[in-house]
Amino acid sequence: MSTTPTGATPDTAPSLAELADLIVSALNLEMAPSEIDPDASLFGEGLGLDSIDILEIALVISKQYGVQLRADDENNTRIFSSLRSLADYIASQKAA
Amino acid sequence: MRHPTYPLTDQPAPDSIIAWQASGPVTRNRFLADVAQLAGRLPPGGHVLNICQSRYHFLVGFAAAIVSGRISLLPSTLTPDTIRRLKADTPDLFCLHDGNLDDIDLPGFAYPDAAPAPEHDLPVPEIPSGRIVAHVFTSGSTGTALTHRKTWGGLVINALSEAERLGARGHALVGTVPPQHMYGFESTVLISLHGGAAAWAGRPFYPADIADALAAVPAPRALITTPFHLRTLLDAGQALPPVDFLLSATAPLSEELAARAEAVCGAPLLEIYGSTETGQIASRRSTATRAWELLGEVRLRATDSGHVAEGGHVEGIVPINDVIEDVDARHFLLHGRNADLVNIAGKRTSLAFLNQQLLAVPGVQDGVFFMPEAEPDDHATRLCACVVAPGHTRQSLLQALRSRIDAAFLPRPLVFVERLPRNEASKLPRASLLALLNTPDKAAE
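Protein chains in written order, with my numbering: chain A, 2 to 97; chain B, -3 to 441.
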């Protein structure tokens, strides 16, 4: 696996609500965190995020959970396929 | 003066390094073998949409198109609407790719495996200076796409002028910008052909990827990036290998970010200024001066309707869309960009084009895109739109827009109103539009 914990805040894995909160505030989305369907796509016709947003989210994830994302990770598309898969990925990296 | 021909590359020796891949350096000779192989295999069409993800594959594809007399098309987006328009203009268009076509409705051609290692030194092809080798596109003030034809000689002089200003010769370049967009095309691809640099094949995205890519190439090295990528890189606190210079373009860089980048990297940060129409025409070291210094033999001239650029690699006399103040014959200040042009994290379009696309969506009675106040700290600023579209939900309208415009330009927020605040002249005062952002939304989700 090509992720490196930065050693910051070894918190517990994020809850879906906590992660939704983080995304909405990082991107200034005009919606309540509870409106994000945990299983809907974060890209395209789901939440409609794009690569600019992904970089912003990656930044807050590295700060908050000490998990660094890399694009050469072949799971990258799957990681951002939904809020739930992103939360699962962070949890798996923190456990590793 | 332009020469009648320029070689495909000015890399001086068969073993000169022209690119870096994960597998190691690519020599000029290896590159020429790959170019010759691909040129011999391309399908018959005369126009190529080169969407290769690998910067090296893009470079070989562009060069193979040149030596086989083809033209590469470099649109700023690949929406279904754009592809339809390109096909209408150049029906023999095909798509060169190194992954898959996704949903691009064109005949595809897959980038082949590397050519066998050449057994002897291959000659460098000479290309006529006046040959058109690329089409690049802007959306004019009416929103209609305009094609700009780039000659080989113009592109070569553009690259040489930039390389000389940056001192890029002999540097390995890591770019966070795609090779298909003007800035990445000029500052990573052309400069490797003419200018003695060697681009890293990857396009690192996350901060950790950027550090890995820089570590994968030897010094001297440089990072070719945008204010947005630079800010996220610095905010991440990512440790970086030593860098010899940083290059930023596409949006104005804050003085704070420029100073921070130079302090963290211990290297000069240069900004480059240009447009699709002119190519790159000036640079500055942002921590030292606000004044831009013209590249090479490019000149600016004030006219009754604003400044024009001419000379050097600029083809003809080209109006500058931004407000310019002359300092002296070689230096100028930039006072604000043309309000119609939009550039979000390196993707360009115009408000006129976006408005035209919005109004073309069935069910939209009136509507307008506008830029809110720019965020001060190098965040990517998003566009807003106000629409009168009683039959639409936010979802249905965004879905219709997605097939017409790049996702980076999708409005955020998208405000539904009963009517737009047009004044007596039917114009939309900016203050009224900004006020709408703070009113309750009429949209039904």
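Think of the CB as a built atom: it goes at the ideal place given N, C-alpha and C, for glycine as much as any other residue. The structure displayed is predicted, hence computed values, not measured ones.
Selected residue, minimal CA-CA separation from residue i, among the options
i                : options                                   : result
Ala348 (chain B) : B:Phe201, B:Thr134, B:Asn46 and B:Glu252  : B:Thr134
Ala111 (chain B) : B:Ala35, B:Leu102, B:Pro103 and B:Ile153  : B:Ala35
Arg418 (chain B) : B:Val411, B:Asp362 and B:Leu406           : B:Asp362
Leu266 (chain B) : B:Thr274, B:Leu219 and B:Arg295           : B:Leu219
Thr5 (chain B)   : B:Glu122, B:Gln17 and B:Ile320            : B:Glu122
Leu291 (chain B) : B:Ile128, B:Ile268, B:Asp324 and B:Gln395 : B:Ile268
Asn25 (chain B)  : B:Ala113, B:Ala245, B:Gln49 and B:Leu89   : B:Ala113
Glu293 (chain B) : B:Arg81, B:Ala247, B:Ala305 and B:Thr78   : B:Ala305
Leu394 (chain B) : B:Pro386, B:Val384 and B:Leu410           : B:Leu410
Phe468 (chain B) : B:Ala215, B:Gly104 and B:Thr221           : Nothing in the structure corresponds to residue 468 (chain B), since chain B is present only between -3 and 441.
Ala164 (chain B) : B:Val129, B:Ser188, B:His177 and B:Pro223 : B:Ser188
Interface flag, residue i vs chain B, CB-CB below 8 Å
i               : result
Ala21 (chain A) : no
Pro11 (chain A) : Below a pLDDT of 50, predicted positions are generally treated as unreliable, and Pro11 (chain A), at 45, falls in that range; the measurement from the model is reported next regardless. Answer no: the Cβ-Cβ gap between Pro11 (chain A) and chain B never drops below 8 Å.
Tyr66 (chain A) : no
Gln69 (chain A) : yes
Arg51 (chain A) : Note that residue 51 (chain A) is Asp in the sequence shown, not Arg. It does; some Cβ of chain B falls within 8 Å.
Ser63 (chain A) : yes
Ala41 (chain A) : no
Leu48 (chain A) : no
Leu84 (chain A) : no
Ala33 (chain A) : no
Thr5 (chain A)  : Any answer about Thr5 (chain A) is weak, because its pLDDT of 43 lies below 50 and its placement is not dependable; what the coordinates show is given next. Answer yes: the Cβ-Cβ gap between Thr5 (chain A) and chain B drops below 8 Å somewhere.
Delimiting residues of the alpha helix (DSSP H) encompassing residue i
i                : result
Phe365 (chain B) : From DSSP, Phe365 (chain B) is part of no alpha helix (DSSP H) but of the beta strand (DSSP E) over Asp362 to Phe366.
Phe27 (chain B)  : Arg24 to Arg37
Ile55 (chain A)  : Ser52 to Tyr66
Glu251 (chain B) : Glu251 to Cys261
Val25 (chain A)  : Leu17 to Leu28
Leu432 (chain B) : Arg426 to Leu432
Ala88 (chain A)  : Leu84 to Ala96
Terminal residues of the beta strand (DSSP E) in which residue i lies
i                : result
Ser46 (chain B)  : Per the sequence presented here, residue 46 (chain B) reads as Asn, with Ser not at that position. Where Asn46 (chain B) is concerned, the enclosing beta strand (DSSP E) stretches over His43 to Asn46.
Glu306 (chain B) : Gly302 to Glu306
Gly270 (chain B) : Leu265 to Ser271
Arg482 (chain B) : Here chain B covers residues -3 to 441 and nothing more, so residue 482 (chain B) does not appear.
Val63 (chain B)  : Per DSSP, Val63 (chain B) belongs to no beta strand (DSSP E); it is in the alpha helix (DSSP H), Arg51 to Val63.
Thr78 (chain B)  : Per DSSP, Thr78 (chain B) belongs to no beta strand (DSSP E); it is in the alpha helix (DSSP H), Pro76 to Asp85.
Glu2 (chain B)   : Just to set this straight, residue 2 (chain B) is Tyr in the shown sequence, not Glu. From DSSP, the beta strand (DSSP E) with Tyr2 (chain B) extends over Thr1 to Pro3.
Ser244 (chain B) : Phe241 to Ser244
Glu31 (chain A)  : That residue, Glu31 (chain A), is in no beta strand (DSSP E); it is neither H nor E in DSSP.
Val129 (chain B) : Ile128 to Ser135
Pro124 (chain B) : Glu122 to Pro124
Ala106 (chain B) : Gly104 to Ala106
Val411 (chain B) : Leu410 to Phe412
Within-8 Å CB hit, residue i to chain A
i                : result
Tyr52 (chain B)  : no
Asp205 (chain B) : yes
Tyr202 (chain B) : yes
Ala263 (chain B) : no
Leu406 (chain B) : yes
Lys438 (chain B) : Since pLDDT at Lys438 (chain B) reaches only 48, below the 50 mark, its modelled position is unreliable, and no value is offered.
Leu429 (chain B) : no
Ala341 (chain B) : yes
Leu394 (chain B) : yes
Ala84 (chain B)  : no
Asp231 (chain B) : yes
Contact test: residue i Cβ vs the ligand FAD heavy atom, cutoff 7 Å
i                : result
Glu158 (chain B) : Looking for the ligand FAD in the displayed structure turns up nothing, as the structure carries no ligands at all.
Residue i at chain C interface by Cβ criterion, 8 Å
i               : result
Ala88 (chain A) : Here the protein chains are A and B, and chain C is not one of them.
Enumerated in chain order, which unbroken segments of the beta strand (DSSP E) with a length of 3 residues or greater are wholly contained in the segment 142 to 228 of chain B? 168 to 171, 194 to 196 and 217 to 221
Quick one: any contact between the segment 215 to 227 of chain B and the segment 247 to 267 of chain B, if contact means 3 or more CB pairs under 8 Å? yes
Counting only runs of 3+ residues fully inside the segment 284 to 353 of chain B, write out the beta strand (DSSP E) ranges in chain order. If only uninterrupted beta strand (DSSP E) runs of at least 3 residues are considered, those enclosed by the segment 284 to 353 of chain B are 288 to 290, 295 to 299, 302 to 306, 320 to 324, 327 to 330, 337 to 340 and 343 to 346.
Report yes or no: do three or more beta-carbon pairs, one from the segment 158 to 173 of chain B and one from the segment 85 to 94 of chain A, lie closer than 8 Å? The segment 158 to 173 of chain B is not in contact with the segment 85 to 94 of chain A.
Secondary structure, alpha helix (DSSP H): runs of 4+ residues fully inside the segment 378 to 408 of chain B: 390 to 398
Does the segment 238 to 255 of chain B touch the segment 188 to 202 of chain B, meaning 3 or more C-beta pairs lie closer than 8 Å? no
Spell out a yes or no on whether the segment 53 to 63 of chain A and the segment 25 to 36 of chain A are touching, meaning 3 or more CB-CB pairs, one atom from each, closer than 8 Å. Between the segment 53 to 63 of chain A and the segment 25 to 36 of chain A there are three or more C-beta pairs closer than 8 Å, enough to call the two in contact.
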